[in-house]
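2 protein chains.
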Amino acid sequence: MPTPTPDAPAARPAGPVTLQQVAERAGVSSATASRALHGSSGTRIVGEELRKRVLDAARELRYVSNAPAQALARSTTSVVGVVVHDVADPYFAAIAAGAMGVAREHGLLVMLAATFRDPELELDYLARLRAQRARAVILAGSGFADREFTRRLAAEADAYRADGGHVIAVGSHGIAADTVRPANRAGAALAVRHLYDLGHRRFGIVSGPRSLTTVRDRLDGARRQLRALGLPLTPGQVVDGGFTREQARTAARTLLTGPSAPTALVVLNDVMAAGVLAALREDLGLRVPDQVSVVGFDDVPFAADLNPPLTTIRLPLADIGTQAMHMILTGPTVTPRTVDVDAELVPRSSTAPAPQP
Amino acid sequence: MPTPTPDAPAARPAGPVTLQQVAERAGVSSATASRALHGSSGTRIVGEELRKRVLDAARELRYVSNAPAQALARSTTSVVGVVVHDVADPYFAAIAAGAMGVAREHGLLVMLAATFRDPELELDYLARLRAQRARAVILAGSGFADREFTRRLAAEADAYRADGGHVIAVGSHGIAADTVRPANRAGAALAVRHLYDLGHRRFGIVSGPRSLTTVRDRLDGARRQLRALGLPLTPGQVVDGGFTREQARTAARTLLTGPSAPTALVVLNDVMAAGVLAALREDLGLRVPDQVSVVGFDDVPFAADLNPPLTTIRLPLADIGTQAMHMILTGPTVTPRTVDVDAELVPRSSTAPAPQP
DNA sequence: CTGTTAGCGCGTTCAT
DNA sequence: ATGAACGCGCTAACAG
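If you want it as structure tokens, here you go:
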């Protein structure tokens, strides 16, 4: 008969190993085992000898504590929720990545929820995350500009807080919560100003769904700046690009088709800008930036690789995620805090002086 | 005194509301409340009248069940884990998005873990996911080609299964598990073949860390095809682009610097291809595809927006995620299954006939 | 159909 | 320093 390997895991009982089993194998009570494994009160009040026996037993049995049971007993967990519109969107992917980096450093697990822009789903996930006793939730998706929805969201958020949770919002969600606020208005104004300074006077805006507060804020920033410059925006100058590449491509075609087509395009995010550049280049045969200048928004990783490299408004995406995460680590405060995140113009090659008429 | 609004949520007790409280408010036992809310045995065996009272009470109190407690009682959860290298990488973002779509349809919650390519972290997350009693885990990151590591991973995966969990691997991880297997070898061969057919005879490969099985598989596929074509690869023709844009940009410079520089570049993923195109265009002043042809791998969303639009090997990324998720829904089988996912050449504008010498 | 009872696995008093 | 006992909130038998 073969000699058992010294450190071979002992025959594991069927199903998950429990603390009790570890305790038995170590010849101690489950209380001692618990203390040895998690040193509850800061000090490890378990004797060296027993401690070692417990640790060995746990390792041999490949024991991992039952997190749900632990959560029930401690009435707290180490999971945080992050809700986004769509992970495949580089904007959210970057924010999520930032958040996850911090989570890792602090031993937190993250539940990622994607709403695909459905407000109902946002509410739903918030409730489910509350059920999970996620200690905090980051609402990373844009807020929805709907009165009734906002009321319901606020109610859910209140319930979340009442249950001891912590909610952090990215952008305007119309609720009283800690928030990380990207400079959407100022950023859009920056874009307009940049184009204006280059001599452009005929502007076009490729926007997104008006139902999103991010869209409204950016649009508003552009509109104000334009008005301040004496170039008030007319309805025909704004088209909805749906915040997606394909829709934006189509939208760009209609925008550039009129009699006095714009020479300057402010596109409310980079994903759409990719579609707009494609439309200009492949559908309309217009040269960027010679005939038309384009400014994007976000500065997602691929912005510099577009054709031409995209001038855009940079938002420190990963930072937004880390900042939100840090608010979680700090814990909730009596009055909501808000961290402002600046936007910055990144000049690349999609903008140039306005063509002479 | 103000009349209370009819449907105003009743004054909620401090902290989370429990089933017990809902039951009391409805004047029933907690068992009945549980049945009314979760209709255990398929059939709703609770009388209309009581059922309604319970539902009302729950709504008024904004009750959500305590998931950890439920998990403990039922000894099962509705969370699945997805471990990736980095969410900000469009390859993983797309896979995760595919998985999350299915998760949503089936009421599953996903815990996303990012290892940042650290094998230890992968092991760690797997154990933590086991602790969470995640019903299944999708190992979406590339496997690591390390004997010792693989042994440990297999042990963890076994423990996971022994605990009633289900593990799904994407690509080669060297463990006996259900796997979704992308055609990495065949895909790379396709890339080589495409370039060969265009008349190219001097090849260069921008590879990634040899420690990743994905890299090895793709490299192997290219190497075999090249050998079959009578053009065996020499060490100098392969450089490590680190699977990142920046490293690949640098790597491309060294690759193109030799005496008989390649006219055809096979880049082992699209993210690196973006860096390679930048190097060619901005650092080396070489025209693509006139002087050098480039083929990428993966067909991430931005591939078509690069300059020039990238010819690449498409992997149905979202599909990979959904397929993996579907294996979870099906549940584990006695013997591991494997689903093959085909790669396909997507000709765009970064490849052209070899320049005449 | 509904209520009572007994765990699920763990942390945490309270004794010792 | 260690063990015994109780409770966290919920589901699952088991009665009635």
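Residue numbers (the working numbering), protein chains in the order written: chain A, 9 to 365; chain B, 9 to 365.
The C-beta atom is built at its ideal place from N, Cα and C for all residues, glycine as well.
**Item:** Whole-angstrom distance between V342 (chain B) and Y168 (chain B), CA atom to CA atom
**Value:** For the purposes of this step, residue 168 (chain B) is identified with residue 160 of the second sequence, where counting begins at 1. For the purposes of this step, residue 342 (chain B) is identified with residue 334 of the second sequence, where counting begins at 1. Their Cα atoms are separated by approximately 15 Å.
**Message:** Is there a Cβ of chain B sitting closer than 7 Å to that of Q299 (chain A), yes or no?
**Reply:** On the first sequence, residue 299 (chain A) is found 291 positions in, with the first residue counted as 1. For Q299 (chain A), the answer is no, since every Cβ of chain B falls outside 7 Å of its Cβ.
**Message:** If the cut-off is 9 Å on Cβ atoms, which residues from the segment 174-193 of chain B count as contacting chain A, listed in chain order?
**Reply:** Cβ contacts with chain A come from no residue of the segment 174-193 of chain B.
**Message:** Could you check whether the Cβ of V73 (chain B) sits closer than 7 Å to any Cβ belonging to chain A?
**Reply:** Within the second sequence, numbered from 1, the residue matching residue 73 (chain B) stands at position 65. Residue identity differs from the one stated: residue 73 (chain B) is Ser in this sequence, not Val. By this cut-off, S73 (chain B) is an interface position.
**Request:** May I ask you to list, following chain order, the residues of the segment 275-297 of chain B that have a beta carbon less than 8 Å from some beta carbon of chain A?
**Result:** Cβ contacts with chain A: A282, L285, A286.
**Under 9 Å from the C-beta of G23 (chain B): neighbouring residues of chain A** = If you number the second sequence from 1, residue 23 (chain B) lands on position 15. Think of a sphere of 9 Å around the beta carbon of G23 (chain B): the chain A residues whose beta carbon falls inside it are S83, A170, D171, G172, in chain order.
**Message:** Please report the straight-line C-alpha distance between G109 (chain B) and L206 (chain A), rounded to a whole angstrom.
**Reply:** Walking along the second sequence from the start, residue 109 (chain B) turns up at place 101. Walking along the first sequence from the start, residue 206 (chain A) turns up at place 198. Each residue's alpha carbon lies about 44 Å from the other.
**Asked** At least one CB of chain A closer than 7 Å to the CB of F310 (chain B): is that the case?
**Response** The residue you call residue 310 (chain B) lines up with position 302 of the second sequence. So yes, F310 (chain B) belongs to the interface.
**Prompt:** Roughly how many whole angstroms lie between the Cα atoms of E130 (chain B) and A332 (chain B)?
**Reply:** Position 122 of the second sequence holds residue 130 (chain B). Position 324 of the second sequence holds residue 332 (chain B). Approximately 18 Å, taken between the alpha carbons.
**Asked** Roughly how many angstroms separate the alpha carbons of A282 (chain A) and P361 (chain B), rounded to a whole number?
**Response** Here residue 282 (chain A) corresponds to residue number 274 of the first sequence, with the count starting at 1. Here residue 361 (chain B) corresponds to residue number 353 of the second sequence, with the count starting at 1. Approximately 28 Å, taken between the alpha carbons.
**Item:** Span of the alpha helix (DSSP H), counted from its first residue to its last, around L203 (chain A)
**Value:** The count along the first sequence starts at 1 and reaches residue 203 (chain A) at position 195. Residues 192-205.
**Request:** Could you have a look at D298 (chain B) and say whether DSSP puts it in helix, strand or coil?
**Result:** Taking the second sequence and counting its residues from 1, one reaches residue 298 (chain B) at position 290. Correct three-state label for D298 (chain B): coil.
**Asked** Would G50 (chain A) be called buried (16 or more neighbouring beta carbons within 10 Å of its own) or exposed?
**Response** For the purposes of this step, residue 50 (chain A) is taken as residue 42 along the first sequence, with counting starting at 1. Because the pLDDT at G50 (chain A) is just 48, under 50, the model does not fix this residue reliably, and the point stays unresolved.
**Request:** Determine contact between the segment 303-316 of chain A and the segment 85-102 of chain A, defined as no fewer than three beta-carbon pairs at a distance below 8 Å.
**Result:** Touching, per the Cβ criterion.
**Message:** Rounded to the nearest angstrom, what separates Q245 (chain A) and R209 (chain A) at their Cα positions?
**Reply:** Along the first sequence, one-based indexing puts residue 245 (chain A) at 237. Along the first sequence, one-based indexing puts residue 209 (chain A) at 201. When the Cα atoms are used, Q245 (chain A) and R209 (chain A) turn out to be separated by approximately 12 Å.
**Message:** Under 8 Å: do the segment 319-329 of chain B and the segment 231-239 of chain B share three or more Cβ pairs, one atom per stretch?
**Reply:** Because the criterion of three Cβ pairs below 8 Å is not met, the segment 319-329 of chain B and the segment 231-239 of chain B do not touch.
**Message:** So that I know if they touch, is there some Cβ in chain A lying closer than 7 Å to that of P127 (chain B)?
**Reply:** Along the second sequence, read from residue 1 onward, the residue named residue 127 (chain B) stands at position 119. For P127 (chain B), the answer is no, since every Cβ of chain A falls outside 7 Å of its Cβ.
**Item:** Completely contained beta strand (DSSP E) runs for the segment 92-129 of chain A, where each covers 3 or more residues
**Value:** Segments of the beta strand (DSSP E) lying fully in the segment 92-129 of chain A: 117-122.
**Item:** First and last residue of the uninterrupted alpha helix (DSSP H) at L63 (chain B)
**Value:** As a first step, residue 63 (chain B) must be located in the second sequence, where it is residue number 55. 56-68 is the span of the alpha helix (DSSP H), which, as asked, contains L63 (chain B).
**Contact under 7 Å by Cβ, P365 (chain A) with Q299 (chain A)** = For the purposes of this step, residue 365 (chain A) is taken as residue 357 along the first sequence, with counting starting at 1. For the purposes of this step, residue 299 (chain A) is taken as residue 291 along the first sequence, with counting starting at 1. For P365 (chain A) and Q299 (chain A), no; Cβs fall outside 7 Å.
**Message:** Let's test the definition: count the other Cβ atoms within 10 Å of the Cβ of D278 (chain B) and tell me whether it reaches 16, buried, or not, exposed.
**Reply:** As a first step, residue 278 (chain B) must be located in the second sequence, where it is residue number 270. Buried is the label assigned to D278 (chain B), since at least 16 other Cβ atoms lie within 10 Å of its Cβ.
**Message:** Here's a check: name, in chain order, each residue in its chain whose Cβ is nearer than 6 Å to the Cβ of T13 (chain B), leaving out the five neighbours to either side.
**Reply:** Start at 1 with the first residue of the second sequence, and residue 13 (chain B) comes out as number 5. Below a pLDDT of 50, predicted positions are generally treated as unreliable, and T13 (chain B), at 39, falls in that range; the measurement from the model is reported next regardless. Counting only Cβ-Cβ distances below 6 Å, and skipping sequence neighbours, we find nothing.
**Asked** Using a C-beta to C-beta distance shorter than 8 Å, which residues of chain A count as neighbours of Q255 (chain B)?
**Response** Translated into positions along the second sequence, residue 255 (chain B) becomes position 247. Result: empty, since nearest Cβ-Cβ is about 14 Å, beyond 8 Å.
**Message:** Between A:T346, A:R224, A:R141, A:D248, which has its C-alpha nearest A153 (chain A)'s C-alpha?
**Reply:** If you number the first sequence from 1, residue 153 (chain A) lands on position 145. Proximity to A153 (chain A) across A:T346, A:R224, A:R141, A:D248 peaks at A:R224, based on C-alpha coordinates.
**Local Cβ density within 10 Å of R226 (chain B), reported as buried at 16 or more and exposed below that** = Within the second sequence, numbered from 1, the residue matching residue 226 (chain B) stands at position 218. Buried, because 16 or more other Cβ atoms sit within 10 Å of the Cβ of R226 (chain B).
**Request:** Please check if any C-beta of chain B sits within less than 7 Å of the C-beta of R70 (chain A).
**Result:** Numbered from 1 along the first sequence, position 62 holds the residue referred to as residue 70 (chain A). Put simply, the CB of R70 (chain A) is near chain B, with a gap under 7 Å to one of its CB atoms.
**Request:** Over the uninterrupted beta strand (DSSP E) stretch that includes E290 (chain B), give me the two end residues.
**Result:** Position 282 of the second sequence, counted from the start, is the residue given in the question as residue 290 (chain B). Counting along the chain, E290 (chain B) falls outside any beta strand (DSSP E), and DSSP gives it neither H nor E.
**Prompt:** With 7 Å set as the bound, which would you pick, yes or no: does the beta-carbon of V118 (chain A) sit closer than that to a beta-carbon of chain B?
**Reply:** Working through the first sequence from its first residue, we reach residue 118 (chain A) at position 110. So yes, V118 (chain A) belongs to the interface.
**Message:** Taking the beta carbon of D313 (chain A) as the centre, do at least 16 other beta carbons fall within 10 Å, making it buried, or is it exposed?
**Reply:** Sequence index remark: in the first sequence, residue 313 (chain A) carries index 305 (1-based). Buried, since its Cβ has 16 or more Cβ neighbours within 10 Å.
**Message:** Can you tell me which residues form a DSSP beta bridge with H377 (chain A)?
**Reply:** Any question about residue 377 (chain A) goes unanswered here, given that chain A covers just 9 to 365.
**Request:** At 7 Å on the CB atoms, spell out the chain A contacts of A104 (chain B), in chain order.
**Result:** Along the second sequence, one-based indexing puts residue 104 (chain B) at 96. Below the 7 Å Cβ cutoff, chain A contributes V95 as neighbours of A104 (chain B), in chain order.
**Asked** Alpha carbon to alpha carbon, what distance is there between G293 (chain B) and A334 (chain B)?
**Response** On the second sequence, residue 334 (chain B) is found 326 positions in, with the first residue counted as 1. On the second sequence, residue 293 (chain B) is found 285 positions in, with the first residue counted as 1. The question names Ala, but residue 334 (chain B) in the sequence shown is His. Each residue's alpha carbon lies about 47 Å from the other.
**Request:** Taking S38 (chain A) as part of the alpha helix (DSSP H), name the residues at either end of that continuous run.
**Result:** Start at 1 with the first residue of the first sequence, and residue 38 (chain A) comes out as number 30. Judged by DSSP secondary structure, S38 (chain A) falls within the alpha helix (DSSP H) whose first and last residues are 38-46.
**Asked** Using the beta-carbon of each residue, which ones in chain B are nearer than 9 Å to D313 (chain A)?
**Response** Counting from one through the first sequence, the residue named residue 313 (chain A) turns up at place 305. Those within 9 Å of D313 (chain A) in chain B are R253, A282, G283, L285, A286, F310, D313, L314, N315.
**Prompt:** When you compare each of A:V188, A:D186, A:A184, A:V214 to A196 (chain A) by their alpha carbons, which one comes out closest?
**Reply:** As a working mapping, residue 196 (chain A) is identified with position 188 in the first sequence. Closest by alpha carbon: A:V214.
**Beta carbon of G212 (chain A) nearer than 7 Å to that of P270 (chain A)** = As a working mapping, residue 212 (chain A) is identified with position 204 in the first sequence. As a working mapping, residue 270 (chain A) is identified with position 262 in the first sequence. Against a cut-off of 7 Å, the Cβ pair of P270 (chain A) and G212 (chain A) comes out as a contact.
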